[in-house]
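Only one structure is covered here, and it is reproduced in the block below.
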Amino acid sequence: MRNRLKGRIVNIEKTVHQVTHLLTGIKKKDQSKYGHLPGSNGTVVTGSEYYGTTIDMKIFVYDYEECIKFDIRDYVLRVNDKKKISSKLLDYIISTNEGQKVFVEEVNEGWRFDFNQLDVIPPKKTSKTK
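Our numbering applies: residue 13 is where the sequence shown begins, and numbers increase by one.
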């Protein structure tokens with residue numbers, strides 16, 4: 013069963029997913045033994061793990077009066093034929109899409125969104141030749 017609902021893009025933001033490992037209760041004189049970044053108040057940072065980056069788009073669904081999120085990073089990279097999203101491209105995506113009305117589909121297993129509703133390809137610069 014599909015149910016097509018109206019919504020509005022309320023927020024698009026880049027999120028870096030990273031976990032930092034900490035040890036607490038370490039006396040200041042013993043912090044140097046760990047050879048990593050010393051913290052304060054007995055805290056030592058011993059390492060971190062990177063779990064990827066997402067470009068999260070939040071859509072407010074009018075009928076339910078709640079927001080749902082979609083990760084649009086892979087779509088943006090694919091249609092722009094890029095390996096990374098620059099800050100300039102991200103700014104373009106945010107400025108052209110936030111506030112736009114869109115449709116989402118409620119399906120049995122959750123939500124579906126047609127990414128073709130987004131404007132994520134910036135216009136080509138025209139060269140000024142005389």
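Using N, Cα and C, we set each Cβ at its ideal position, and we do this for glycine too.
No experiment lies behind these values; they were computed from the predicted model shown.
Remark: C-beta atoms of ARG90 and THR66 do not approach each other more closely than 8 Å.
Taking 8 Å as the upper bound for CB-CB distance, GLY19 and ILE38 are not in contact here, some 48 Å apart. For LEU34, the CB contacts under 8 Å within the same chain, skipping 5 residues up- and downstream, are GLY51, THR55, VAL56, VAL57, THR58 in chain order.
For GLY64, the closest alpha carbon among the candidates THR108, TYR76, LYS26, TRP123 is that of LYS26.
The three-state secondary structure of THR27, taken from DSSP, is strand.
Classified as buried, VAL116 has 16 or more neighbouring CB atoms from the shown chains inside 10 Å of its CB. The DSSP-derived three-state label of LEU34 is strand.
If you ignore the 5 residues before and after PHE125, its C-beta comes within less than 6 Å of the C-beta of PHE82, VAL116, all in its own chain and listed in chain order. Remark: C-beta atoms of GLU110 and ASN23 approach each other more closely than 8 Å. Boundaries around ARG124 are those of the beta strand (DSSP E), 122 to 125, since no alpha helix (DSSP H) includes it.
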